[in-house]
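Asks: Pasting a structure below so you can have a look.
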Amino acid sequence: MDGLINYFSSLNPMTFLSQLPGNVAQGIIWGLMALGVFITFKLLNFADLTVDGSFATGGAVTAVMLIHGAPVWAAALAAVAAGLIAGLITGLLHTALGIPDILAGILTQIALYSVNLNIMGKANLPVSYRNYDLILSASDIPHAIVIGLIFSVIVIGLMYWYFGTEQGSTIRSTGSNPAMSKAQGININVAKVIALSLSNGLVALSGSLSAQYQGFSDVNMGRGAIVIGLAAVIIGSVIGEAIFRKRMNFIIKLSFVIFGGILYYIAMGIVLWLKMPTDDTKLFTAVIVAIFLAVPYLKEKSKTSFKRVAKQNLKNLKKEAESNA
Amino acid sequence: MLEIIDVHKTFNAGTVNEKKALNGVNLKLNDGDFCTVIGGNGAGKSTTLNAIAGVWPVDSGAIMIDGEDISALPEHKRAPYLGRVFQDPMTGTVADMEIIENLAIAARRGQRRGLGWGVKKYERELYRDMLKQFELGLEDRMSSKVGLLSGGQRQALTLLMATIKKPKLLLLDEHTAALDPKTAAKVLELSDKIIEENNLTALMVTHNMKDAITHGNRLIMMSDGKIVLDISGEEKKKLTVEKLLHKFEEASGSTIDNDRMLLGE
Numbered sequence: 003m004d005g006l007i008n009y010f011s012s013l014n015p016m017t018f019l020s021q022l023p024g025n026v027a028q029g030i031i032w033g034l035m036a037l038g039v040f041i042t043f044k045l046l047n048f049a050d051l052t053v054d055g056s057f058a059t060g061g062a063v064t065a066v067m068l069i070h071g072a073p074v075w076a077a078a079l080a081a082v083a084a085g086l087i088a089g090l091i092t093g094l095l096h097t098a099l100g101i102p103d104i105l106a107g108i109l110t111q112i113a114l115y116s117v118n119l120n121i122m123g124k125a126n127l128p129v130s131y132r133n134y135d136l137i138l139s140a141s142d143i144p145h146a147i148v149i150g151l152i153f154s155v156i157v158i159g160l161m162y163w164y165f166g167t168e169q170g171s172t173i174r175s176t177g178s179n180p181a182m183s184k185a186q187g188i189n190i191n192v193a194k195v196i197a198l199s200l201s202n203g204l205v206a207l208s209g210s211l212s213a214q215y216q217g218f219s220d221v222n223m224g225r226g227a228i229v230i231g232l233a234a235v236i237i238g239s240v241i242g243e244a245i246f247r248k249r250m251n252f253i254i255k256l257s258f259v260i261f262g263g264i265l266y267y268i269a270m271g272i273v274l275w276l277k278m279p280t281d282d283t284k285l286f287t288a289v290i291v292a293i294f295l296a297v298p299y300l301k302e303k304s305k306t307s308f309k310r311v312a313k314q315n316l317k318n319l320k321k322e323a324e325s326n327a
Numbered sequence: 096m097l098e099i100i101d102v103h104k105t106f107n108a109g110t111v112n113e114k115k116a117l118n119g120v121n122l123k124l125n126d127g128d129f130c131t132v133i134g135g136n137g138a139g140k141s142t143t144l145n146a147i148a149g150v151w152p153v154d155s156g157a158i159m160i161d162g163e164d165i166s167a168l169p170e171h172k173r174a175p176y177l178g179r180v181f182q183d184p185m186t187g188t189v190a191d192m193e194i195i196e197n198l199a200i201a202a203r204r205g206q207r208r209g210l211g212w213g214v215k216k217y218e219r220e221l222y223r224d225m226l227k228q229f230e231l232g233l234e235d236r237m238s239s240k241v242g243l244l245s246g247g248q249r250q251a252l253t254l255l256m257a258t259i260k261k262p263k264l265l266l267l268d269e270h271t272a273a274l275d276p277k278t279a280a281k282v283l284e285l286s287d288k289i290i291e292e293n294n295l296t297a298l299m300v301t302h303n304m305k306d307a308i309t310h311g312n313r314l315i316m317m318s319d320g321k322i323v324l325d326i327s328g329e330e331k332k333k334l335t336v337e338k339l340l341h342k343f344e345e346a347s348g349s350t351i352d353n354d355r356m357l358l359g360e
């Protein structure tokens, strides 16, 4: 009992509040990555696990470029290019070599681990704001939030434009109905490769910003990224649909992915504030994603369960018999 | 127009499930032919349409459209020549996209798809007028997701998508089989109208003998992966179900064992 009291009295709400801006900044940066996951998971209907690797690739390329004296914008662009290539490889493994989607992503991801180590030369490279002129950094969190939001607006705008074009429409139709797409003359393999490339390019951009924000690039920084991305996408869509219902348009959907990322990191902030061991955060993430994935399914199932339907039918029959009598 | 020369296709060759689906199909359609295709289960009707559409490569033979062999082309490269409506109303349209977006995708069949808007402003008016003729009320729901439509509405929409860009050949694969009789009749009527107004060449697979007789100017019957009957012109006009059955027995040396076909639903 004393332990519990001690535990609660040791929790200082101010600590949580002081950490909140940092959580928001990280949530925005990872929300950009989640937009990449949105492209594959929601639009292309492709569970792409490349992202764990390409996120770290973004960080690795950025760090090495900065260390070799490149300006930060060039480092970020190079990161995007590396991500595009990573996605291209997963796409070719899947379309040209017939490897199933999840496996193609895993293969690229595992290969990227070695590639990332080779790029960096070691497992961890510091890129401190003291030595480099960075786009954003945890040393100035309000600035990082503003920059993150500017990136979000630009990326969401570009995605809104692109997926409204003729070419972008082919990606959406390929994800939703490949048979129809082929019948309408769409090369679905090309659509898949383009979508995977764009997605991983965006993920690598997020990795680049993340490395700058935290002040180092680490070969393990992308571990579990796909699950965090899914968490943001799913939390965002569940909450967005609850608020906007049928008025959810594409821009709102995309905005809620970023919002999902922020919420995820705030939830993480709460978990750490409650002094749960950091070793358990991945477990916590997995549980959250599982819950958000399961809730819509269970809701639908309970509506159409055999038991419930049979009960309702029996009731109706009884009523009918009574009214006939 | 369409010429199919000695096409063979065997599925699962060399296994216990080996199935000779097409066994030397020969067919020549003239411009403007509306040809109905009838036959029992496994006779090769849908397989013939899939061979034309390029769902898989054929084992041997050639498929020509306007004198050009298309049998080496993958499915999406044959699409510019073809309009297709499938048996399952879910297959022909994208449920997650709006009616107008589906139409816009179909209108670009065979064109390069670049970075211009997927739906241009002028298209809205254009498609509204087209949908109005269908009298299904779809013209007022152009921004609705296709997933909200009924099977019949989706099939009608697929029909419009298949013909919005005039195809050289329209392939209708039992496209009314999954609909209730009233809706099926409406979609068939619509098909007739579109084919006639646009002077299209069409192949229509059906399991309904009456439909096969009353629609189109030509009728072919398939059995065991071959075309066993080919009736056109005056003979087709005078055709009845009884005469057709008799002819089938003569041609194939067996009786029809398919109740679904005989009953004509």
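From first to last, the protein sequence lines stand for chains A and B.
Adding 2 to a residue's 1-based position in the first sequence gives its number in this note's numbering.
Adding 95 to a residue's 1-based position in the second sequence gives its number in this note's numbering.
All residues carry an ideal CB built from backbone N, CA and C; glycine is no exception.
(1) Check the DSSP bridge columns for B:S155 and list the partner residues they point to.
(2) Do we get a CB-CB distance below 7 Å when we pair B:H270 with the residues of chain A?
(3) Please state whether DSSP places B:D183 in a helix, a strand or coil.
(4) Could you compute how far the alpha carbon of B:A157 sits from the alpha carbon of B:G135?
(5) Taking B:R313 as part of the alpha helix (DSSP H), name the residues at either end of that continuous run.
(6) State buried or exposed for B:E360, treating a residue as buried only when at least 16 other CB atoms are found within 10 Å of its CB.
(7) Residues of chain A with CB under 9 Å from B:L210, in chain order?
(8) Using a Cβ cut-off of 8 Å, pull out every chain A residue sitting near B:T188, in sequence order please.
(9) Distance check for A:A65 and A:P128, CA to CA, integer angstroms please.
(10) Does the beta carbon of B:D306 sit closer than 7 Å to a beta carbon anywhere in chain A?
(11) When you compare each of B:K261, B:H270, B:T131 to B:R249 by their alpha carbons, which one comes out closest?
(12) In three-state DSSP terms, what is B:E269?
(13) CA-CA distance, A:G187 and B:I326?
(14) Tell me, please, whether the CB atom of A:N189 is closer than 7 Å to any CB atom in chain B?
(15) Quick check on B:D191 - is its C-beta less than 7 Å from some C-beta in chain A?
(16) Tell whether a beta-carbon distance below 7 Å holds between A:K139 and B:V189.
(17) Where does A:T306 fall in DSSP's three states?
(18) Would B:H310 count as contacting chain A if we go by Cβ distances under 7 Å?
(19) Need the endpoints of the beta strand (DSSP E) that B:A116 sits in, please.
(20) Give a yes or no on whether the minimum CB-CB distance between B:P184 and chain A is below 7 Å.
(21) Per DSSP, what kind of secondary structure is B:M256 in: helix, strand or coil?
(22) Since A:G203 and A:G85 should fall inside the 8 Å C-beta cutoff, what is the C-beta to C-beta distance between them, to a whole number of angstroms?
(23) Please identify, using Cβ separations under 8 Å, the residues of the stretch 284 to 301 of chain B that lie next to chain A, in order along the chain.
(24) Tell whether a beta-carbon distance below 7 Å holds between B:L314 and B:T131.
(25) Answer yes or no: do A:F294 and A:I245 have a C-beta to C-beta separation smaller than 7 Å?
(26) Looking at C-alpha atoms only, which residue of A:M270, A:K284, A:V289 is the closest neighbour of A:L22?
(27) Alpha carbon to alpha carbon, how far is B:D183 from B:N312? Give it in angstroms, no decimals.
(28) So is B:H302 buried or exposed if we call it buried at 16+ other beta carbons inside 10 Å?
(29) Which chain A residues are close to B:I259, counting only those with a beta carbon under 9 Å from its beta carbon?
(30) Between the stretch 280 to 294 of chain A and the stretch 302 to 309 of chain A, are three or more C-beta pairs nearer than 8 Å?
(31) Kindly indicate if chain B contains any beta-carbon less than 7 Å away from that of A:V311.
(32) Determine the burial state of A:R330: buried for a count of at least 16 other Cβ atoms within 10 Å of its Cβ, exposed for fewer.
(33) Should B:E218 be flagged as near chain A, meaning a C-beta pair shorter than 7 Å?
(34) In this structure, does DSSP put B:G359 in helix, strand or coil?
(35) Can you round the beta-carbon distance between B:N125 and B:M96 to whole angstroms, since I take them to be within the 8 Å contact cut?
Replies: Reading from the atomic positions:
(1) Counting from one through the second sequence, the residue named residue 155 of chain B turns up at place 60. According to DSSP, B:S155 bridges with B:H103.
(2) One-based indexing of the second sequence puts residue 270 of chain B at position 175. Answer no: the Cβ-Cβ gap between B:H270 and chain A never drops below 7 Å.
(3) Here residue 183 of chain B refers to the residue found at position 88 of the second sequence. Residue state, collapsed to three classes: coil.
(4) Position 62 of the second sequence, counted from the first residue, corresponds to residue 157 of chain B. Position 40 of the second sequence, counted from the first residue, corresponds to residue 135 of chain B. The alpha-carbon atoms of B:A157 and B:G135 are separated by roughly 24 Å.
(5) One-based indexing of the second sequence puts residue 313 of chain B at position 218. Careful: B:R313 lies outside any alpha helix (DSSP H), inside the beta strand (DSSP E) at 313 to 318.
(6) The residue given as residue 360 of chain B occupies position 265 in the second sequence. Reliability fails at B:E360, whose pLDDT of 39 lies under 50, so the model's placement of it is uncertain and the value that follows must be treated cautiously. So B:E360 counts as exposed.
(7) Within the second sequence, numbered from 1, the residue matching residue 210 of chain B stands at position 115. Under the 9 Å cutoff, chain A gives W163, Y164, T167, E168, Q169, G170.
(8) Along the second sequence, one-based indexing puts residue 188 of chain B at 93. By Cβ distance, chain A contributes N179, M182.
(9) If you number the first sequence from 1, residue 128 of chain A lands on position 126. If you number the first sequence from 1, residue 65 of chain A lands on position 63. So the two alpha carbons sit approximately 7 Å from each other.
(10) As a first step, residue 306 of chain B must be located in the second sequence, where it is residue number 211. Chain A contact via Cβ: absent.
(11) Locating residue 249 of chain B in the second sequence gives position 154, where the first residue counts as 1. Ranking the options by Cα distance to B:R249, first place goes to B:H270.
(12) Residue numbering aside, residue 269 of chain B sits at position 174 when the second sequence is read from its first letter. The answer is coil: DSSP assigns B:E269 none of H, G, I, E or B.
(13) Here residue 187 of chain A corresponds to residue number 185 of the first sequence, with the count starting at 1. Here residue 326 of chain B corresponds to residue number 231 of the second sequence, with the count starting at 1. When rounded, the distance between both Cα atoms is 33 Å.
(14) The count along the first sequence starts at 1 and reaches residue 189 of chain A at position 187. Yes, its Cβ sits closer than 7 Å to a Cβ of chain B.
(15) Here the question's residue 191 of chain B lines up with position 96 in the second sequence. For B:D191, the answer is yes, since a Cβ of chain A falls inside 7 Å of its Cβ.
(16) Here residue 139 of chain A corresponds to residue number 137 of the first sequence, with the count starting at 1. Here residue 189 of chain B corresponds to residue number 94 of the second sequence, with the count starting at 1. Sequence inspection shows Ser at residue 139 of chain A; the Lys mentioned does not correspond to that position. No.
(17) Taking the first residue of the first sequence as position 1, residue 306 of chain A is located at position 304. Three-state result, A:T306: coil.
(18) The count along the second sequence starts at 1 and reaches residue 310 of chain B at position 215. Chain A, which has no Cβ nearer than 7 Å to the Cβ of B:H310, makes this no.
(19) For this step, residue 116 of chain B is matched to residue 21 along the second sequence. B:A116 -> beta strand (DSSP E) spans 114 to 123.
(20) Along the second sequence, read from residue 1 onward, the residue named residue 184 of chain B stands at position 89. With 7 Å as the cut-off, B:P184 does not count as an interface residue toward chain A.
(21) The count along the second sequence starts at 1 and reaches residue 256 of chain B at position 161. In this structure, B:M256 counts as helix in the three-state DSSP scheme.
(22) Within the first sequence, the letter at position 201 stands for residue 203 of chain A. Within the first sequence, the letter at position 83 stands for residue 85 of chain A. The pair is a contact, with the Cβ atoms about 4 Å apart (cut-off 8 Å).
(23) none
(24) Taking the second sequence and counting its residues from 1, one reaches residue 314 of chain B at position 219. Taking the second sequence and counting its residues from 1, one reaches residue 131 of chain B at position 36. Cβ distance < 7 Å, so B:L314 and B:T131 count as in contact.
(25) The residue labelled residue 294 of chain A in the question sits at position 292 within the first sequence. The residue labelled residue 245 of chain A in the question sits at position 243 within the first sequence. Taking 7 Å as the Cβ cut-off, A:F294 and A:I245 do not qualify as a contacting pair.
(26) For the purposes of this step, residue 22 of chain A is taken as residue 20 along the first sequence, with counting starting at 1. Answer by Cα proximity: A:M270.
(27) Position 217 of the second sequence, counted from the first residue, corresponds to residue 312 of chain B. Position 88 of the second sequence, counted from the first residue, corresponds to residue 183 of chain B. So the two alpha carbons sit approximately 26 Å from each other.
(28) Sequence index remark: in the second sequence, residue 302 of chain B carries index 207 (1-based). When all chains shown are included, B:H302 counts as buried.
(29) Here residue 259 of chain B is taken as the residue at index 164 of the second sequence, counted from 1. Here the premise fails: no neighbours, minimum Cβ distance about 10 Å.
(30) no
(31) By one-based count along the first sequence, residue 311 of chain A stands at place 309. So, not an interface residue.
(32) Chain A is shown from 3 up to 327; residue 330 of chain A falls before or after that span and cannot be answered.
(33) For the purposes of this step, residue 218 of chain B is taken as residue 123 along the second sequence, with counting starting at 1. No, because no Cβ of chain A sits closer than 7 Å to the Cβ of B:E218.
(34) Taking the second sequence and counting its residues from 1, the one referred to as residue 359 of chain B is at position 264. Residue confidence is low: B:G359 scores 46 on pLDDT, short of 50, so the model does not pin down where it sits. No coordinate-derived value is stated.
(35) Mapped onto the second sequence, residue 125 of chain B falls at position 30. Mapped onto the second sequence, residue 96 of chain B falls at position 1. Confirmed, about 6 Å.
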